[in-house]
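This report concerns only the one structure given below.
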Amino acid sequence: MNLIDGKKISEELKREIAAKTAAIIDTDGTPPHLAAVLVGDDPASQSYIKSKEKSCQAVGFTSSVYRYPSDISEQQLIDAIDFLNKDDEIHGFIVQLPLPAHINADRVLQRIDPAKDVDGFHPVNIGRLALGLPSYLPATPAGIMLLLEKSGIETEGKHCVVLGRSNIVGTPVSLLMSRKAKPGNSTVTLCHSKTTDLPSIIRQADILIAAIGQPEFVKGSMVKEGAVVIDVGIHRVDDDSEKGYHITGDVDFNEVAPRCSYITPVPGGVGPMTVVSLLLNTFKAYNKEIYG
Ligand code: NDP
323 MNLIDGKKIS EELKREIAAK TAAIIDTDGT PPHLAAVLVG DDPASQSYIK
373 SKEKSCQAVG FTSSVYRYPS DISEQQLIDA IDFLNKDDEI HGFIVQLPLP
423 AHINADRVLQ RIDPAKDVDG FHPVNIGRLA LGLPSYLPAT PAGIMLLLEK
473 SGIETEGKHC VVLGRSNIVG TPVSLLMSRK AKPGNSTVTL CHSKTTDLPS
523 IIRQADILIA AIGQPEFVKG SMVKEGAVVI DVGIHRVDDD SEKGYHITGD
573 VDFNEVAPRC SYITPVPGGV GPMTVVSLLL NTFKAYNKEI YG
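The working numbering applies: residue 323 is where the sequence shown begins, and numbers increase by one.
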């Protein structure tokens, strides 16, 4: 069994981004600028934004956070998005989710200029992804593809089973795995809560991508010998350790790992790749690689 070390791969990619950014600063002095919109004071959102800011600093990007109170109206938020769309000094920006219940998140996300949509959630970017055109890829699926590529895992002709069909993970990663590309060219089965006899489908997987949001759902008996397992799940499970909890994924690592050819740990697998993908998208936005 080979462990896919997402932390190490992400550190290498961050070093490459930092070197390219340093070269830009040396020549024209204007590094890529990633902005974030944060509404309200949800602690998890605050901590995600803080870690994105830290990652920007680590590679030399400029970062800024536009904070708004949780009672901001939808129109005020849309006006704020319009402002960021027009600001030439900001190359890409994200709107941290979730938004308060009185705001229609879809309407807000659809207001983002697709050329600055470095989260890759705008329908134009998702549509381009589905058509195989260049687009900003959503960060977690892009991170998964990078893990497969950097680990030298062959995906062509393999049966890839994706557990979960969310817009941010399952659906886009299933499109990427079936795309005519490398990595890609897999035969994909996309599973969800209405799938019947899930274990028998999981057992057919050469590559299993678990993004189901259920702690340790995938058991050893469900996994084919030699499979590649990518565990996207992140769960904080209370226990009687000193810390009072541990972090686990959607896969029962202890049972599944001995059967795998490759597996991602949780933490330290997919998680660290997500922020790197956001940085890579920001670089593409800076270079106007997708929309010219
Ligand atoms: P969602 O809750 O949005 O989607 C879960 C999907 O799994 C849905 O499609 C749902 O089906 C399906 N599902 C849930 N239970 C079952 C079941 N018992 N059998 C079959 N299918 C089921 O989750 P996300 O995609 O947002 O996240 C998935 C996991 O990945 C979570 O643990 C999350 O914390 C983690 N995550 C990790 C990231 C990282 O950076 N590492 C980033 C994003 C998420 P249906 O559509 O029918 O309801």
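All C-beta atoms, glycine included, are put in the ideal place defined by N, C-alpha and C.
Pair within 8 Å by beta-carbon distance, M499 and S508:
yes
Should the stretch 547-563 be regarded as contacting the stretch 581-593, the criterion being three or more beta carbon pairs within less than 8 Å?
yes
I need the boundaries of the alpha helix (DSSP H) containing G328, first residue and last residue.
G328 to T349
What are the uninterrupted segments assigned as beta strand (DSSP E) that are 3 or more residues long and contained completely in the stretch 489-552, given in chain order?
509-513 and 529-532
Alpha carbons only, please: which of K472, S473, E471 and L497 is nearest the one belonging to V483?
L497
For a quick check, are the C-beta atoms of V430 and I403 less than 8 Å apart?
yes
In chain order, what residues of the same chain lie with their CB nearer than 7 Å to the CB of G593, ignoring the 5 residues before and after it?
G328 and I556
Could you compute how far the alpha carbon of V540 sits from the alpha carbon of E471?
24 Å
Specify the secondary structure class of I425 as computed by DSSP and reduced to three states.
coil
In chain order, what residues of the same chain lie with their CB nearer than 7 Å to the CB of I425, ignoring the 5 residues before and after it?
E396 and L399
Measuring CB to CB, does V440 end up less than 8 Å from L356?
Against a cut-off of 8 Å, the Cβ pair of L356 and V440 comes out as a contact.
Looking only at C-alpha atoms, which of E611, V510 and G566 sits nearest to E478?
V510
Determine the contact status of V559 and A532, defining contact as a CB-CB distance below 8 Å.
no
For S583, report the span of its beta strand (DSSP E) as first-last.
C582 to I585
Proximity winner among A607, S599, I612 and Y608, relative to P460 (alpha-carbon distances):
S599
How would you write the range of the alpha helix (DSSP H) that S473 sits in, first residue to last?
Careful: S473 lies outside any alpha helix (DSSP H) and carries neither H nor E.
Pick helix, strand or coil for S386, following the three-state DSSP scheme.
strand
Environment of the ligand NDP in chain order, Cβ to heavy atom below 5 Å:
T462, G486, R487, S488, V491, H514, S515, A533, I534, G535, V554, G555, I556, V592, G593 and T596
Under the three-state DSSP convention, the category T570 falls into
strand
Could you give the first and the last residue of the continuous alpha helix (DSSP H) run that contains V597?
Counting along the chain, the alpha helix (DSSP H) containing V597 begins and ends at G593 to Y608.
State the start and end residues of the unbroken alpha helix (DSSP H) segment that holds A380.
P365 to V381
Could you please give me the residues that DSSP links to D441 through a beta bridge?
Beta-bridge pairing links D441 to no other residue.
Beta-carbon gap between G535 and L512 smaller than 8 Å:
no
Rounded straight-line distance, which links the Cα of F575 to that of S515:
22 Å
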